[in-house]
Amino acid sequence: KEENSQKGFVMVGTISKGVLQPLLDGLFLTGVKSRSGMTLKQPKFVACITGGGGSFFQSILGKAGASSTLIEGIVPYDKNSCLSFLEQNGQNESGIGFCSKEMAARLAKASHSRALSLSPLVSTWPDLYGVSATATIVSHYKRRGDYRVHVATCDSEGDVNTLCFTFVKGYRSRENEDAAVGFLALRGLYEAAGKSTGKELPPEAAAPDWIVTEMPKEPVVNEVGEEAQGVEEIPALVSFQRGGSDGASDDGGEWKVIVDGRTILAPPSSALPRGTVIVLPSAGMDVGKIYGEALAAFGVPNRSGPCGKSWTTHQPPTLIVSNGHLDLSSPSLLDPHSPFPP
């Protein structure tokens, strides 16, 4: 613990770099190179953090190699900003609170949709994630109710997991509660990305030493005069929703895309990369020929040469419908053909 003589409160429950480092190491630069030079099995994500947890981005951006995993970071702190982000990515806020696991789930799904829309290489889609955190932490006045955080992750198979944690009110400074929110968001992402990395949660992250398991003998008071009482429970990532819609989506349906044998739930239209071409070939037509004709017809350059270099941009994907027809009210099975196959 550390005494702050200027404000007269005690700061405890800090998070050490030793707890954060294994999580960062498990996400950064973990992909494998294919024969074509592409990096596969590399978790990449869009993060949406609101209410607290700015330290999440500090941890990510403070480590070399952040571009290998971070696509975009979003902080919709104002309520209207939050609602706008949801609406732009096929979600809504009807019937739920802003600091709730339901809101975290919808923000994570919106973040995954955003990741998909920014990723033109189809072969990377199975390893895209959305992660979110919505929190209520220490402010400049005494608050009613608990200080808490809800973290959620969404993967490309439509699975949503949540991690919820209630702080002992008065035990930490705002800075340390913010750090805890950032840590829990990072932990949730690490666990979700285990599908790509095959790595299990490190023991020091599963049961971190900053969790309050008993009260110290001397009183602990935060900067707004709230005195700590009680203990905290070690949080766990739990299943919130398995691949599919929870009724919160405004997109009218989802497309099922198969990449490397894995089914991906892709919200239509807004979540596909800009310039995506969808081709519906007739029975018996040569898919390769159709693909080439689609590239020519829509003026999409068929780039050659090595990919994966820093700041390389790629052409939008062309998706070949191989089963049935495209109907947003009835999910269609799409077989994507990437200009850069693995």
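Read in order, the letters of the sequence shown are residues 270 to 611 in the working numbering. Idealized CB from N, CA, C, for every residue including glycine.
The beta strand (DSSP E) with residue i in it runs from where to where?
i	result
V489	Here V489 belongs to no beta strand (DSSP E), and DSSP marks it neither H nor E.
R417	417-424
I259	This structure leaves residue 259 out entirely; the chain is present only between 270 and 611.
L397	397-405
K313	313-319
In whole angstroms, what is the alpha-carbon distance linking residue i and residue j?
i	j	result
A475	L455	12 Å
L292	Q498	30 Å
G439	A333	35 Å
V391	R441	44 Å
A449	H409	18 Å
G512	S386	19 Å
R413	A384	36 Å
D294	T393	20 Å
F326	G463	20 Å
E502	T482	8 Å
S401	K370	10 Å
S579	M372	Model confidence at S579 stands at a pLDDT of 49, short of 50, so the residue's coordinates are unreliable and nothing is read from them.
C351	L458	20 Å
G331	K486	36 Å
R543	Q357	14 Å
L506	L432	5 Å
S382	T319	18 Å
G467	I340	21 Å
V490	S425	43 Å
A335	Q290	13 Å
P488	V437	13 Å
K286	G364	39 Å
T299	N349	36 Å
T545	F297	28 Å
Going by beta carbon distance, what residues of the same chain come within less than 8 Å of residue i, once the five residues before and after it are set aside?
i	result
K411	V493, G494, E495
Q613	The first residue shown for the chain is 270 and the last is 611, placing residue 613 beyond what the model contains.
T435	D415, Y416, R417, E501, E502
G366	M372
G574	Its pLDDT being 45, under 50, G574 is placed unreliably in this model, and the coordinates cannot settle the point.
For residue i, I'd like the list of residues in its chain whose CB is within less than 7 Å of its CB, leaving aside the five on either flank, ordered along the chain.
i	result
D396	K310, Q311, P312, K313, S465
K302	T308
K378	Q360, G399, C423, V429
P389	P542, H583, Q584, P585, P586
E460	L470, L506
P504	L432, C433, F434, L453
I329	A335, L339
Under 8 Å by Cβ, that's how I've got residue i and residue j pegged, so tell me the actual separation to the nearest angstrom.
i	j	result
S508	N430	6 Å
I406	G323	That belief does not hold up - the Cβ atoms of I406 and G323 are roughly 11 Å apart, past 8 Å.
V288	E473	5 Å
C368	R417	7 Å
V315	S380	4 Å
I284	F452	5 Å
T403	L376	7 Å
Note the first and the last residue of the continuous alpha helix (DSSP H) segment covering residue i.
i	result
Q510	Counting along the chain, Q510 falls outside any alpha helix (DSSP H), though it belongs to the beta strand (DSSP E) covering 507-510.
Q498	Element bounds for Q498: n/a, residue is neither H nor E.
G414	Counting along the chain, G414 falls outside any alpha helix (DSSP H), and DSSP gives it neither H nor E.
G287	286-294
Could you tell me whether any Cβ in chain D is nearer than 8 Å to the Cβ of residue i?
i	result
V437	This model lacks chain D altogether, as it is built from one protein chain only.
Suppose the cutoff is 6 Å on Cβ atoms and the five residues either side in sequence are ignored; what does the same chain contact list for residue i look like?
i	result
P477	V288
C317	I343, L376, S380, S401
Y346	T319
M484	none
Minimum length 3: unbroken beta strand (DSSP E) runs contained in the stretch 332-381: Whole beta strand (DSSP E) segments, 3+ residues: 339-343.
Contiguous beta strand (DSSP E) assignments of at least 3 residues, all confined to the stretch 425-484: 429-435
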